[in-house]
Amino acid sequence: LGLVPSGRTLVKPNLVAAGEMFPYAFTRPECGEAMLGALRDVGGDRMTELAVGERCGITVPTRLAFAESGWEAMVARVPGAKRYYFEEEAQVEIPLTHAARLRDYLFTPEPVARADFFVNMPKFKAHPWTTVTFSLKNYIGIQDDRHRLIDHDHKLNEKIADLQYIIQPQFIAIDAITAGEGRMLTP
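Residue numbers (the working numbering): 165 to 351.
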């Protein structure tokens with residue numbers, strides 16, 4: 165496709181809930197491993213960092229979702245790859261200036277704010293408010309719990325639109341190998 169990752173390259177999967185009870189709720193690690201390999205093959209030395217970052221479901225430690233989903237073990241197999249648990253990272257204030265904004269600023273983890281090449285890897289599944297969870301809805305996971313609960317209600321679609329102003333993806337790969345339907349956490 166002519167894309168060449170460079171600088172700080174960050175992959176954002178959807179690991180909202182993982183484990184035996186949630187087999188279709190998260191981006192599969194096989195998809196992630198293929199993406200990290202492709203980024204490494206194409207970007208090579210142009211990348212100063214190759215990382216994966218996420219904030220899983222509210223009140224659940226992201227470290228647990230990484231372990232239960234298989235992403236922890238997968239990232240460990242990729243030489244030099246880093247992982248970020250977004251609730252453990254410093255939060256950066258991002259001002260918003262577009263006319264239709266819901267708020268004047270949003271907060272996001274530092275690895276998101278400083279990423280040069282951003283890959284969004286959502287899971288294709290249903291959601292009660294947004295209908296489906298493609299790449300736009302996956303942006304909820306670029307905030308920690310303190311910030312993501314703000315406007316996570318009837319204003320969710322507007323909030324998701326505002327989150328797009330934080331960072332634009334250079335590539336989107338949706339894990340739709342097995343789509344999830346029904347409840348958002350337990351499709």
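Each residue gets a CB set at the ideal place from its N, CA and C atoms; glycine is no exception.
When burial is assigned at 16 or more other CB atoms within 10 Å of the CB, is A251 buried or exposed? The question names Ala, but residue 251 is Glu in the sequence shown. By the neighbour-count rule (16 or more Cβ atoms within 10 Å), E251 is buried.
Which whole-angstrom value describes the C-beta separation of F190 and L203, a residue pair presumed to lie in contact below a C-beta threshold of 8 Å? F190 to L203, Cβ: 20 Å. No contact.
I'd like to know whether the C-beta atoms of Q328 and L167 end up nearer to each other than 8 Å. no
With three or more beta-carbon pairs closer than 8 Å as the criterion, would you say the segment 310 to 325 touches the segment 233 to 244? no
I believe I258 touches A277 by the beta-carbon criterion, under 8 Å. Please report the beta-carbon distance rounded to the nearest angstrom. 7 Å
Just reading off the alpha helix (DSSP H) that G196 is part of, what are its end residues? 193 to 207
Report the option in K287, F298, G244 whose CA atom is closest to the CA atom of P187. K287
Rounded separation between D315 and H262 - CA only: 18 Å
Roughly how many angstroms separate the alpha carbons of S170 and G207, rounded to a whole number? 6 Å
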